[in-house]
Structures are given as C-alpha cells and as structure tokens.
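Input: a single structure, listed below in structure tokens.
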Amino acid sequence: QKEVEQNSGPLSVPEGAIASLNCTYSDRGSQSFFWYRQYSGKSPELIMFIYSNGDKEDGRFTAQLNKASQYVSLLIRDSQPSDSATYLCAVRRWNTGKLIFGQGTTLQVKP
Amino acid sequence: EPEVTQTPSHQVTQMGQEVILRCVPISNHLYFYWYRQILGQKVEFLVSFYNNEISEKSEIFDDQFSVERPDGSNFTLKIRSTKLEDSAMYFCASSAHLDKADSYEQYFGPGTRLTVT
Numbered sequence: 001q002k003e004v005e006q007n008s009g010p011l012s013v014p015e016g017a018i019a020s021l022n023c024t025y026s027d028r029g030s031q032s033f034f035w036y037r038q039y040s041g042k043s044p045e046l047i048m049f050i051y052s053n054g055d056k057e058d059g060r061f062t063a064q065l066n067k068a069s070q071y072v073s074l075l076i077r078d079s080q081p082s083d084s085a086t087y088l089c090a091v092r093r094w095n096t097g098k099l100i101f102g103q104g105t106t107l108q109v110k111p
Numbered sequence: 112e113p114e115v116t117q118t119p120s121h122q123v124t125q126m127g128q129e130v131i132l133r134c135v136p137i138s139n140h141l142y143f144y145w146y147r148q149i150l151g152q153k154v155e156f157l158v159s160f161y162n163n164e165i166s167e168k169s170e171i172f173d174d175q176f177s178v179e180r181p182d183g184s185n186f187t188l189k190i191r192s193t194k195l196e197d198s199a200m201y202f203c204a205s206s207a208h209l210d211k212a213d214s215y216e217q218y219f220g221p222g223t224r225l226t227v228t
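If you read the sequences in order, they're chains A and W. Note that the first sequence ends on residue 111 in our numbering; no numbers are left out. Note that the second sequence ends on residue 228 in our numbering; no numbers are left out.
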C-alpha cells in the first residue's frame with residue numbers, strides 16, 4: 001500500500017467550477033497534511049496545511065481532513081485556468097520535518 | 112517575501128563526477144531539507160538537517176551523498192560519484208521549527224535540474 005495516494009488524473013473542470021482533489025494516507029501517526037501546487041518544471045508551492053479534523057478555508061481553497069478515514073481533500077472554488085497544475089498532497093508525522101508526498105493530481109481548468 | 116534560493120538552476124555532469132548543489136534557506140529557519148524528483152515521479156525525501164547534524168535520512172541518501180552547512184547561510188548537497196539514475200530535480204526546503212503543528216510550514220526552493228550523461 002502506498003503511503004500517500006492520489007488519483008493522478010487529469011481532472012478536468014470548466015472555468016468557474018469547483019475542483020475537488022482527494023488524498024488518502026496509510027500512516028495513522030501522520031500529524032500534519034499539506035497541499036502543494038506544482039507547475040510543470042517548477043518547484044512545489046505551499047497552498048495550505050491542515051492538522052485538525054474538519055475544514056480549513058483560505059480564500060478560494062478549502063482543505064478538509066478526516067483522520068478516522070485517513071482522508072484529506074482540497075476544494076478549489078471558482079477555478080481559473082491559472083489553477084491548472086499538479087496538486088501534491090504531503091503528510092508528516094509529529095516532530096519530523098520529513099514530508100511524504102503523493103504522486104500528485106493534474107488539474108486542467110478549461111476556459 | 113523571504114524565499115529559498117538554489118544554484119545552479121541546471122547542472123550537467125558526466126557519470127562519475129562529483130557535483131555540489133547549493134541552497135540558501137530562509138534566513139530565520141533552522142531546519143533544512145533536500146528532496147529529489149525524478150522526471151514524472153513523485154517528490155522524494157532525501158535528508159533533513161538541524162544544528163549541523165543530519166536528523167533524518169532516507170534509503171536513497173547513501174554514502175554517495177553528503178550535506179553540509181559550510182557557513183551561516185549556505186546549505187549544500189554533494190554527490191560524490193554521480194550515476195545516470197541521479198538525474199533529477201533536486202529541491203532544497205526549509206522550515207522554522209518542527210513542533211508547532213498549527214504553524215508548521217515547509218518552503219521549497221526553485222530546484223536544480225541535474226543531468227548526468
């Protein structure tokens with residue numbers, strides 16, 4: 001079983017729609033959960049993180065965490081073509097800086 | 112806004128040669144990391160470094176790899192004898208602390224593309 005799993009996509013949504021990206025993880029000791037955006041040939045850019053069960057909103061982005069189901073998601077409201085990128089889910093355990101990444105989900109927002 | 116910087120942006124080397132990849136972490140950060148991403152694959156953790164010591168390393172980080180903080184600002188990754196399979200993007204990252212879940216953030220540099228021929 002992979003440590004962090006994401007559907008590789010591509011996920012295609014029309015401009016203005018809500019994009020929903022999902023991630024599952026296997027290690028119940030995972031404490032913090034991160035969403036990074038990566039454009040082709042570029043480095044991961046931190047969008048947001050979450051560590052408590054429930055929802056966390058930041059502008060057009062909402063992260064959702066369900067530790068019982070070992071599930072993290074990212075919702076992007078009012079999707080824009082500039083949101084087209086690969087979205088990486090990463091997890092870390094308590095008191096370690098090591099991030100374990102999923103394969104990433106490619107999002108395509110069509111004008 | 113503070114950022115992690117890396118040099119060079121692209122390094123081409125021959126198999127068996129030594130390379131040094133350089134990074135300047137965010138100035139008030141204390142924890143430093145190297146990751147790599149082979150083309151088309153996921154980002155993989157290599158090593159973490161704190162207080163002039165390796166704090167954690169992955170199976171990938173074998174004796175061919177070493178890290179160093181030679182001065183107060185630079186953080187380097189050395190590959191002693193490069194192999195074809197070392198071709199990848201290498202990312203440096205840094206974080207301010209480890210223990211505060213409500214504010215833990217890890218920022219990545221732009222990466223160095225290493226091509227081994």
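Backbone N, C-alpha and C define an ideal beta-carbon position, used for all residues, glycine too.
Residue closest to residue i, alpha-carbon to alpha-carbon, out of the options
| i | options | result |
| --- | --- | --- |
| W/SER206 | W/GLN125, W/LEU141, W/CYS134 | W/LEU141 |
| A/ASN66 | A/ALA85, A/GLY16, A/GLN31, A/PRO81 | A/GLN31 |
| A/GLY59 | A/SER40, A/ARG77, A/SER82 | A/ARG77 |
| W/LYS194 | W/GLN175, W/CYS203, W/ARG180, W/ASN185 | W/GLN175 |
| A/TRP94 | W/CYS203, W/ASN163, W/SER214, W/SER198 | W/SER214 |
| A/LEU46 | A/PHE61, A/ASN53, A/GLY54, A/SER52 | A/PHE61 |
| A/ASN53 | A/TYR36, A/ILE100, A/ALA68 | A/ALA68 |
| W/ALA199 | W/PHE156, W/THR116, W/ILE165, W/VAL115 | W/PHE156 |
| A/LEU99 | W/VAL115, W/PHE143, W/ILE149 | W/PHE143 |
| A/SER84 | A/MET48, A/GLU5, A/SER40 | A/SER40 |
| W/ILE190 | W/GLY183, W/ALA204, W/ILE171 | W/ILE171 |
Rounded C-alpha distance that separates residue i from residue j
| i | j | result |
| --- | --- | --- |
| A/PRO112 | W/SER138 | Limits of chain A in this structure are 1 at one end and 111 at the other, which puts residue 112 of chain A out of reach. |
| W/ALA212 | A/LYS56 | 14 Å |
| A/PRO44 | W/GLY220 | 8 Å |
| W/LYS153 | A/GLY102 | 6 Å |
| W/ASP210 | W/GLU216 | 11 Å |
| W/THR228 | W/VAL130 | 13 Å |
| A/SER12 | W/SER192 | 43 Å |
| A/ARG28 | A/ARG92 | 11 Å |
| W/ASN163 | W/ARG180 | 7 Å |
| A/THR96 | W/ASP173 | 20 Å |
| W/HIS208 | W/TYR218 | 12 Å |
| W/HIS121 | A/PRO10 | 28 Å |
| W/GLU282 | W/LEU150 | Residue 282 of chain W falls outside the range modelled here, since chain W spans only 112 to 228, and no answer is possible. |
| A/PHE49 | A/LYS42 | 20 Å |
| W/CYS203 | W/LYS168 | 14 Å |
| A/LEU88 | W/ASP182 | 32 Å |
| A/GLU5 | A/TYR36 | 14 Å |
Cβ shell of residue i (< 7 Å), same chain only, five flanking positions each side left out
| i | result |
| --- | --- |
| W/TYR201 | LEU132, TRP145, ARG147, LEU188, GLY222, THR223, LEU225 |
| A/PRO81 | GLU15, VAL109, PRO111 |
| A/ALA17 | SER79 |
| W/PRO113 | ILE137, SER138 |
| W/SER166 | SER159, PHE160 |
Own chain, CB closer than 6 Å to residue i, minus 5 neighbours either side, in chain order
| i | result |
| --- | --- |
| W/VAL178 | VAL158, PHE160, LEU188 |
| A/SER73 | ASN22, GLN64 |
| A/SER20 | LEU75 |
| A/TYR71 | THR24 |
| W/THR118 | ARG133 |
| A/THR86 | GLN38, GLY104, THR106 |
| A/ALA90 | PHE34, LEU99, PHE101 |
Sequence-distant residues of the same chain with beta carbon closer than 8 Å to residue i, five excluded per side
| i | result |
| --- | --- |
| A/SER8 | GLN103, GLY104, THR105, THR106 |
| W/ASN185 | ARG133, CYS134, VAL135 |
| A/TYR51 | GLN31, SER32, PHE33, LEU65 |
| W/THR116 | CYS134, VAL135, GLY220, PRO221 |
If contact is defined by three or more beta carbon pairs under 8 Å, each pair taking one atom from either stretch, is the segment 103–111 of chain A in contact with the segment 126–145 of chain W? With a cut-off of 8 Å, the segment 103–111 of chain A and the segment 126–145 of chain W do not count as touching, because too few Cβ pairs lie within range.
At 3 residues or longer, what runs of the beta strand (DSSP E) sit wholly inside the segment 31–64 of chain A? Fully enclosed beta strand (DSSP E) runs of 3 or longer: 45–50, 54–58.
If we require 3 or more residues per run, which beta strand (DSSP E) segments fall completely within the segment 136–182 of chain W? Qualifying beta strand (DSSP E) stretches, in chain order: 142–148, 155–161, 164–168, 176–179.
Quick one: complete beta strand (DSSP E) runs, 3+ long, within the segment 196–225 of chain W? List check, beta strand (DSSP E) in window: 199–206.
Jot down the residue ranges of each uninterrupted beta strand (DSSP E) in the segment 77–106 of chain A, minimum 3 residues, whole runs only, in chain order. Listed in chain order, the beta strand (DSSP E) elements of length 3 or more contained wholly in the segment 77–106 of chain A are 85–93.
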